[in-house]
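Engineer: Before I ask anything, here is the structure I am working with.
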Amino acid sequence: RLDDLAQQHGFKYSSCTVRHAKTRWGSCSVKGSINLNAGLVLMPLHLLDYVVLHELCHTRQLNHSSLFWAEMYLVDAKFRQHRHELHGFKLPSWWHVS
Numbered sequence: 128r129l130d131d132l133a134q135q136h137g138f139k140y141s142s143c144t145v146r147h148a149k150t151r152w153g154s155c156s157v158k159g160s161i162n163l164n165a166g167l168v169l170m171p172l173h174l175l176d177y178v179v180l181h182e183l184c185h186t187r188q189l190n191h192s193s194l195f196w197a198e199m200y201l202v203d204a205k206f207r208q209h210r211h212e213l214h215g216f217k218l219p220s221w222w223h224v225s
């Protein structure tokens, strides 16, 4: 999905790693390396897309400035709704069992 969205919106990233993170859905380094939470596979597609697009936008704006949010709006006009929905999303309890 990352490759599809990157190509569709003209983003470039250097690498992607998927991990069982406890506190973040995703992150992006200064070098364009994107880390994604493995739990994203359990989300509705529109929320997964929001997280992926959020990290792809960080390849152009490494902060949450007004320029970043303007970039988000260009790729996801409903980003505010998706962000709000993401904050209420919880992974099932069995996901955290080690």
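Here the sequence shown stands for residues 128 to 225, numbered as in my numbering.
Every residue gets a Cβ at the ideal spot worked out from N, C-alpha and C, and that includes glycine.
To the nearest angstrom, how far is the alpha carbon of S193 from that of Y200?
Structural biologist: Each residue's alpha carbon lies about 10 Å from the other.
Engineer: Can you have a look at H211 and say buried or exposed, based on whether 16 or more other CB atoms are within 10 angstroms of its CB?
Structural biologist: With fewer than 16 other Cβ atoms within 10 Å, it is exposed.
Engineer: Quick check: L183 and A133, are their CB atoms within less than 8 Å of each other?
Structural biologist: Yes, Cβ-Cβ distance for L183 and A133 is below 8 Å.
Engineer: Would you list the one or two residues that DSSP bridges to V202?
Structural biologist: Partner(s): none; V202 has no beta bridge.
Engineer: So, at 6 Å on beta carbons, what are the nonlocal neighbours of W152 in its own chain, with the 5 sequence-adjacent residues on each side left out?
Structural biologist: Excluding positions up to five away in sequence, the list reads N164, V178.
Engineer: Round the Cβ separation of L218 and L175 to the nearest angstrom and send it over; I've been treating them as touching at under 8 Å.
Structural biologist: Wrong, their Cβ atoms sit about 13 Å apart, outside the cutoff.
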